[in-house]
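**Student:** Pasting a structure below so you can have a look.
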Amino acid sequence: MALNIISNYAANVAHRNLSNSDEMATRSLAKLSSGTRVVSARDDAASMAIGARLNSQVEALKTATVNVGQANSMLQIADGGLATINDVLTRMKT
């Protein structure tokens with residue numbers, strides 16, 4: 001079986017340009033579909049780092065909010081128990 005290499009410079013250039021255009025279109029579509037300005041660190045590394053830090057702070061604040069709600073519920077239960085004890089002591093006193 002003979003090996004035949006045919007080189008078509010214009011076709012190679014067109015293929016490279018098409019590949020570059022396809023990659024740029026894919027990146028643009030990823031930006032559009034994500035709804036964010038920065039999709040990867042390749043777009044803007046500083047903004048990506050700031051965004052990641054802000055996202056972690058948001059998650060921490062969400063967790064803190066849940067914890068505060070649970071603490072509030074626990075205090076309401078304790079308050080109810082103390083009110084019951086107060087009623088019992090008041091009845092014992094009279």
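Following full-length UniProt numbering, the residues of the sequence shown are numbered contiguously, the last one being 94.
Just so you know, even glycine gets a beta-carbon here, dropped at the ideal spot from N, CA and C.
In the DSSP assignment, the alpha helix (DSSP H) including Ala83 goes from what residue to what residue?
**Tutor:** Segment Ala45 to Lys93, the alpha helix (DSSP H) holding Ala83.
**Student:** Where does Asn8 sit, in a helix, a strand or coil, going by DSSP?
**Tutor:** Asn8 falls in the coil class under three-state DSSP.
**Student:** Grab me the residues of Met48's own chain with a C-beta within less than 6 Å of its C-beta, minus the 5 sequence neighbours each way, in chain order.
**Tutor:** So the qualifying residues of the chain are Val38 and Ala41.
**Student:** In this structure, how does DSSP classify Ser34 when only helix, strand and coil are distinguished?
**Tutor:** Helix, per DSSP.
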